[in-house]
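Position 146, counted from 1, in the sequence shown is what numbering that gives the first Met the number 0 calls 145; the numbers after and before it change by one each time, with no gaps.
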Amino acid sequence: MIDRQKEYWFAFEPYIHITWKPECALIYNTLDGNHLIVTDKAVLALLAEMVKPENCGVIQIMPFHWENENLANLLEKSRELFFADLYECGLSKGKPIQFHPILNLQEDVKRLQKLSPEHTGAKMFSYLYEIAIETEGLTDNQLNSYLDTLWLQIRYSGLKQLRILPGSKEQSVLIRSYLMGKEYPAEKIVWQLNPTLAIEVMDVLKESVCICIDNFSSGIPNIESSTVKWIFKVRSEEELSIVSEWIETRSISRYQIESVYDGKNLDFFEKFVYLNEEDLFSQPISMQSIMRNQVLNSNDFGKFHITSDGAVYSNKLLSPIGNLYTDSIRQLVQKEMTEGNSWLRIRNQEPCKRCIYQWLCPSPSDYELKIGKPNLCHIHRTE
Ligand code: SF4
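Here you go:
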């Protein structure tokens, strides 16, 4: 029982995330997605104190705090929802300590920014998750030289995934025999093919295969394989319903539906891709995701894409950051980690930086770049 004449420590639980903006704040429970939105000035002032680093989410509540009805409501509601608790000051020796998670990567980025590129060590590769390679247009000799250069750079990197986008059946066969004669440079190899190429080479390939369907007029190829994952690129409601029918009639379990912006289908995006509050709160968002969203772009982080001419991209829609033949991949990782426009692209721009959902929203995707709008949402929760 709380005695309002006594002094208490008010502490939020470590699983509570607070987004504070001058006119509005969000108190979010990362375990169950329950949340409170605060706009009252006195409550905002109290929360402002709590989120100061030196207070670590704990402040002292004095008898006068209860005289403000909105403050009293917040204190009671926070306890009722298991967001926070009150600890009698007289019963504790000092201020309780509250440990809040810190993302190591934030420290890593700061440390790397102080180092010159020559001092980057093998640890750089630990940030690299996937390399996708496009080989279209290369002759056999050029392809061999491309693969040799790549292997030399990444064979001991501990790369998690190598995604191969061959340009033809002949290239697929050549790359496959190259793979057979070498140690795999990544834990997993994935082939990404168009349907025509898939029909021609499926029997030759031993690794995982993604088949990308971008054109719906010729139907879905009759390929039955447990290793296949389907990627459906849809531009309209019509294409979406075709895909839904295929998935159902063919009992497809491994698939991904990607919306494609073609400059004319903004309506489709507004209806199916733009975020609303219902989507945002449809399931709890973990503390790890919220912390991650403040530091890195979870769509792009750890991924490089290398085109046939050796150009290395951290995002295909942006300028290349280097070249396979002239740069060290390890140093390109360091470059992207410290000054990158892609891996570190977060919601720190208008209007997101004034929104209480800034770090709950998923990282900016390619759609924001293609549509040329930083916030693809129907939400207006800015200060
Ligand atoms: S304004 Fe930005 S942060 Fe806010 S809901 Fe929209 S996309 Fe998310």
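C-beta: ideal position from N, C-alpha, C; glycine also.
R78 carries a helical assignment under DSSP once its states are collapsed to helix, strand and coil.
Take E276, set aside five residues on each side of it, and the residues of its chain with a beta-carbon closer than 7 Å to its own are I378, in chain order. Remark: the shortest separation between the CB of N221 and any heavy atom of the ligand SF4 does not fall under 7 Å. In terms of Cα proximity to H34, the closest of D147, A41, S250, H16 is H16. Distance from the Cα of I60 is smallest, within the candidate group D84, V37, L265, for D84.
Taking every protein chain shown into account, the CB of G301 has 16 or more other CB atoms within 10 angstroms, so this residue is buried. Sorting R344, G339, D308, R329 by C-alpha distance to the C-alpha of L146 places D308 at the top. Across the set N140, K122, I130, W65, the C-alpha of I130 shows the shortest separation from the C-alpha of K315.
Pairing K168 with E199, the inter-Cα distance amounts to about 7 Å.
In the DSSP assignment, S207 falls within the unbroken beta strand (DSSP E) covering 207 to 212.
Per the coordinates, the alpha-carbon of C354 lies some 8 Å from the alpha-carbon of K20. Collapsing the DSSP output to three states places T337 in a helix.
Secondary structure at E277: helix, using DSSP grouped into helix, strand and coil. When DSSP reads this structure, F231 sits in a beta bridge with I212, I256. With distances taken between CA atoms, I251 lies nearest to S224 out of F268, S224, E257, I305. Separation of H64 and Y27 (C-alpha to C-alpha, rounded to the nearest whole angstrom) is 22 Å. Between the alpha carbons of L343 and L80 lies a gap of roughly 34 Å.
The continuous alpha helix (DSSP H) containing K270 extends over residues 265 to 271. Annotation for F267: S235 place their beta carbon closer than 6 Å to its own, counting only its chain and skipping 5 residues before and after. With the rule of 3 Cβ pairs closer than 8 Å, the stretch 121 to 128 does not count as touching the stretch 38 to 57. Shortest gap from the CB of Y366 to any heavy atom of the ligand SF4: 7 Å or more. Annotation: the continuous beta strand (DSSP E) that includes D84 extends over 83 to 87. Rounded to the nearest angstrom, the gap between the Cα atoms of N140 and Y356 is 52 Å. Partner residues in a beta bridge of L331, as assigned by DSSP, do not exist. In terms of Cβ geometry, V242 and V259 do not form a close pair [threshold 8 Å]. Note: V189 is bridge-paired with R162, S207 in the DSSP secondary-structure output. About 17 Å separates the CB atoms of I188 and C211; that is not less than 8 Å, and the two are not in contact. Considering only V227, K205, K334, V294, the residue with the shortest C-alpha distance to V172 is K205. If you look at N143, you'll find it in the alpha helix (DSSP H) that goes 139 to 153. For C23, the CB stays at least 7 Å from every heavy atom of the ligand SF4. The continuous stretches of alpha helix (DSSP H) do not include L375, and DSSP gives it neither H nor E. G339 is classed as buried because its beta carbon has at least 16 other beta carbons within 10 Å across all chains shown.
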